[in-house]
DNA sequence: CAGCGCTGTGCAATGCTTTGCATTGCGTTG
DNA sequence: CAACGCAATGCAAAGCATTGCACAGCGCTG
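Residue numbers (the numbering used here), protein chains in the order written: chain A, 30 to 370; chain B, 30 to 370.
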C-alpha cells in the first residue's frame, strides 16, 4: 500500500500532478475544468489524501503554523490567552507549536531556535522578560513576532497587553474607597513588565490620594502561593503597624497571603483588606471570596493573533502598542460584603 | 543577504553540502575530519545557521514533532499532563503541536487531519470519547497514537490512564469511613471513560459495604461548576431524605455543589460530606477546604511521552494498558477537621 | 604492483508540492 | 482560412536537507 501523495492521485486520475495540486486548492480550483476538478476531488477524498504540509511549506515558504511561547502552561491565566490565539487562527488553518520557557532565558533561546528551524509564520510570546530584548529583536527581524501580555521596551516589537498601570490604579482606588489608610503591595518579579506596571499604577494612584504605601519587604521571586505567604509574613513581621489594605500582584500570591493572615490570627477583611489580580477561576470560591482585577485574556489572545496575521501578510507594517482595560471585581476580601450572586 | 542554508555554509567553507550536513549532525559528525568539522561548525554558528526542519522532515520522514490533542487548555488538570509530556520529549528535541477539541467530534477530526498533514511522529490524545473509536483507530494505523487520561476500549490503542476505578473506590470508602450512610454521586458525562470508571468504582465499593447510593438525577453534560450546582440541586430536590455523603466526579462540580448546599442552608460537612476529584490547585483554599482525589498528572504525561517514543522507534510494539494509582486527600469538606497544615 | 580495508568527500537522487511558462486544442473573428 | 484569444493542462524547476553509493587516497602486505 503505497503512500497517498499528489503524484499517486495524479496517476489514478490520469492527469498531471500540477493539475491535482490546483484542483485541490480552493484558491486555484477555478483554473481547472469542473469535470476534472470533481474527479480529482472524489478520488482524493476516497483515498483519504492529505497534502504533505512539509513539502508544501518548503515550496511556498509558508507553513500555516505559528509558535506560541509561554512561561508555564500550568498558569491558569495563560489558558484563555492561548485559546484566544488558537480560536482566531484555527479557522484559517493554522496550528500552534507550543514552547514553555519556565522563565529561564536559556529555554527561551532554545525554543526560538526550534521555532525558527520549523519555519513558523509568526511567533507570539507571553514570556518576555527584561534581558530578552536582543534575542527577541533578532528573531523578530526574520519572523513576525508579537509580544502578548508582557511588553518589552527595548525590543521594538509590537505588543498587545493588559493595561496593568490602570489595573494597579483600580486596585489602589478601590482599597482607598473602602476605607484603607495604610496600603502595601506584594510585588511580583521586577523583570516582568506586568508586575512593574501594576506596582507603578498602584503607587501613583495612592500618591495622588495622599495615602501612604508601606515598603514591600521584598519582590516575589516567582509570583506563586508560597511567595505570597512569605511576602505577607515579611510585611506583618516588619514591626510597624500592619497595613489595612494589601494589593497582591496576582491571585496566587493573594491566596498565600490569606493563609499567612489566618496563621497570624488576623481576619480578612476586618483587619486587613486584600485584593488580588487576574480573576483566576476559583477566586470566587476562596474564604473569603477574593477581590481581584479581571483581565480580558481571551480577547487579548484574539487580538494578538490578529496582529500576527496582519504582520504575516505585510511584515513591514508597524503596529502601535495596544493595551486592554481590566475590570475591578470587588468581593468580600476587600468589601466585607458577601458576594452579591 | 541571502538565506543561510546548508549549501550556503558549504560555499563559505569550500566543502560539499553533504559534508556540512554530516558535520552538523552529532550522530554522524564522527564521519568527518575533526578539522573540517570544526571549521564547518564555527562558520555555521557565526552565521546563525538553523537547519530547515521542513526539508529535513521531508527527506527523512521524521519531524521531531508530536501532536497533543486536548479537550480544553483551560482545564487546570490538563496542564500538568502536557508539562509531563513536554518535559520528557523536549530534551529529545521534540516540539508539541497542540490542538483543542472542546469535546466536539468534528473538531477532533479536523485536528487529526492537520496533524496527519504535518507528519507528526506521534499523537497523544487526552480527549478520547465514546464514538471516537473509528477515527482514532484509523489514524493510529499510520501514526503511533497514545491515549492518555481517557481510555477507549474499541480503539485498540495503548492507553496510559489514572486508575479511576480505584479513585472512585477510595472516595466511597473514605465517605463510609467518616460515617456516611446515604451516598450519592454527581456524575460526569457517560461518553468519557474517566467518569464511567469513577462511578463504577464508587458504586462497587459502596455495594461491598452495603451502603446505599441514591440515584443521580442526571449526568453532567459538561463537568463544570454550574453543572455541579444543578446536579446537587436535583439531588436535594428529589424529595427523599438527602444524602449525607456526596462524591462529585471532579472538583469543579464539587465547588458548584458547595454553592448549592450553601444556598439551601445546608452545612458542609456537618449536614453533607463532600469529596471532589483531581486535586485542582485551589481546592485547598475553598471554604471548607475540599477533600479530593489527587492524580499523578505530570507522571502520567511523562509516561505517555515515553510510550509514544517507544512506538516511534518500533511501531509494531504492543503496549499493555497502564494505569496510575490516585491518592486520597482528605480535607475538611468530608472529615470536618481543619486542614492539618 | 595488485589488492585490501579504511577514512573522508563528492555526487546525484530522493522526498512532495507549487508555480511560471509552454503547449494544446477549441472556438471566434475578420 | 489565417490569426487570435482563451481555457485547461502539462512540463520542469525550485525549495532544502539527507543518504546510498562511488571514488580517491593512504598505508600496508604478499
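Don't be surprised by glycine CBs; every beta carbon is placed ideally from N, CA and C.
**OP:** With distances taken Cα to Cα, identify the nearest neighbour of residue 223 (chain B) among B:37, B:79, B:316, B:353.
**Re:** B:353
Subject >> Whole-angstrom distance between residue 42 (chain B) and residue 68 (chain B), CA atom to CA atom >> reply: 7 Å
**OP:** Can you grab the Cα-Cα spacing for the pair residue 322 (chain B) / residue 186 (chain A), in whole Å?
**Re:** 45 Å
Original post:
How big is the Cα-Cα spacing for residue 38 (chain B) and residue 84 (chain B)?
Top reply: 16 Å
Original post:
In chain order, what residues of the same chain lie with their CB nearer than 7 Å to the CB of residue 36 (chain A), ignoring the 5 residues before and after it?
Top reply: 46
**OP:** Would you kindly work out how many angstroms separate the C-alpha atoms of residue 379 (chain B) and residue 298 (chain B), rounded to a whole number?
**Re:** This structure cannot speak to residue 379 (chain B), because chain B is shown only from 30 to 370.
Subject >> Cα-Cα separation between residue 95 (chain B) and residue 154 (chain B), rounded to whole angstroms >> reply: 11 Å
Subject >> Runs of beta strand (DSSP E) wholly within the segment 100–171 of chain A (minimum 3 residues, chain order) >> reply: 124–129, 151–154
**OP:** Note down, in chain order, each residue of its chain lying with its Cβ closer than 8 Å to the Cβ of residue 335 (chain B), except the 5 sequence neighbours on either side.
**Re:** 117
Subject >> DSSP three-state assignment for residue 51 (chain B), whether helix, strand or coil >> reply: helix
**OP:** Compare the C-beta of residue 173 (chain A) with all C-beta atoms of chain B and state if any pair is closer than 8 Å.
**Re:** no
**OP:** Establish whether the CB of residue 161 (chain A) and some CB of chain B are separated by less than 8 Å.
**Re:** no
Original post:
If you compare alpha carbons, which of B:229, B:310, B:243 is closest to residue 253 (chain A)?
Top reply: B:310
Original post:
At what residues does the alpha helix (DSSP H) containing residue 301 (chain A) begin and finish?
Top reply: Looking at the DSSP string, residue 301 (chain A) is not in any alpha helix (DSSP H), and its letter there is neither H nor E.
**OP:** Residues of the segment 72–84 of chain A with a CB closer than 7 Å to any CB of chain B: list them in chain order, please.
**Re:** 79, 80, 81, 82, 83, 84
**OP:** Use the C-beta contact count for residue 191 (chain A): other C-beta atoms within 10 angstroms, 16 or more gives buried, fewer gives exposed.
**Re:** buried
**OP:** Mind checking who residue 307 (chain A) pairs with in its DSSP beta bridge?
**Re:** A:323
Subject >> CA-to-CA distance, residue 151 (chain B) to residue 317 (chain A), given in whole angstroms >> reply: 46 Å
Original post:
By a C-beta neighbour count over all protein chains shown, 10 Å radius and 16 as the cutoff for buried, is residue 40 (chain A) buried or exposed?
Top reply: exposed
**OP:** Using a Cβ-Cβ cut-off of 8 Å, state whether residue 369 (chain A) counts as contacting chain B.
**Re:** Residue placement at residue 369 (chain A) is poorly supported in this model, since its pLDDT is 43, which falls under 50; the coordinates are not used for a value here.
Subject >> residue 271 (chain B) versus residue 165 (chain A): straight-line alpha-carbon distance, rounded >> reply: 60 Å
Subject >> C-beta atoms of residue 304 (chain A) and residue 200 (chain A) nearer than 8 Å >> reply: yes
Subject >> Where residue 379 (chain A) falls, given that 16 or more other Cβ within 10 Å makes a residue buried >> reply: Outside the displayed span of chain A (30 to 370) sits residue 379 (chain A), for which this structure offers no information.
Subject >> Coil, strand or helix - residue 65 (chain B) by DSSP >> reply: helix
Original post:
Where does residue 351 (chain A) fall in DSSP's three states?
Top reply: strand
Subject >> Proximal residues to residue 300 (chain B) (C-beta, below 8 Å), its chain only, five neighbours per side dropped >> reply: 271, 273, 290
Subject >> Continuous beta strand (DSSP E) stretch holding residue 204 (chain A): start and end >> reply: Element bounds for residue 204 (chain A): not the beta strand (DSSP E) but the alpha helix (DSSP H), 193–206.
Original post:
When we look at the beta-carbon of residue 216 (chain A) and count the other beta-carbons within 10 Å, is it buried (16 or more) or exposed?
Top reply: buried
Original post:
At which residues does the alpha helix (DSSP H) containing residue 42 (chain A) begin and terminate?
Top reply: 35–42
Subject >> Cβ of residue 30 (chain B) within 8 Å of any chain A Cβ >> reply: Interpretation of residue 30 (chain B) is limited by its pLDDT of 46, a score under 50 that renders its predicted location unreliable; no figure is taken from the coordinates.
**OP:** Using three-state DSSP, classify residue 370 (chain A) as helix, strand or coil.
**Re:** With a pLDDT of 39 at residue 370 (chain A), under the threshold of 50, the modelled position of that residue is not reliable, and the figure given next carries that caveat. It is coil, neither helix nor strand.
**OP:** Return the chain-ordered list of same chain residues with a C-beta closer than 6 Å to the C-beta of residue 51 (chain B), the five sequence neighbours on each side being excluded.
**Re:** 57, 60, 61
Original post:
Taking 8 Å as the CB-CB cut-off, is residue 311 (chain A) touching chain B?
Top reply: yes
Original post:
What's the gap between the Cα of residue 137 (chain A) and the Cα of residue 129 (chain A)?
Top reply: 8 Å
Subject >> Residue of B:346, B:326, B:340, B:365 minimising C-alpha distance to residue 105 (chain B) >> reply: B:326
**OP:** Over the uninterrupted alpha helix (DSSP H) stretch that includes residue 364 (chain A), give me the two end residues.
**Re:** 361–364
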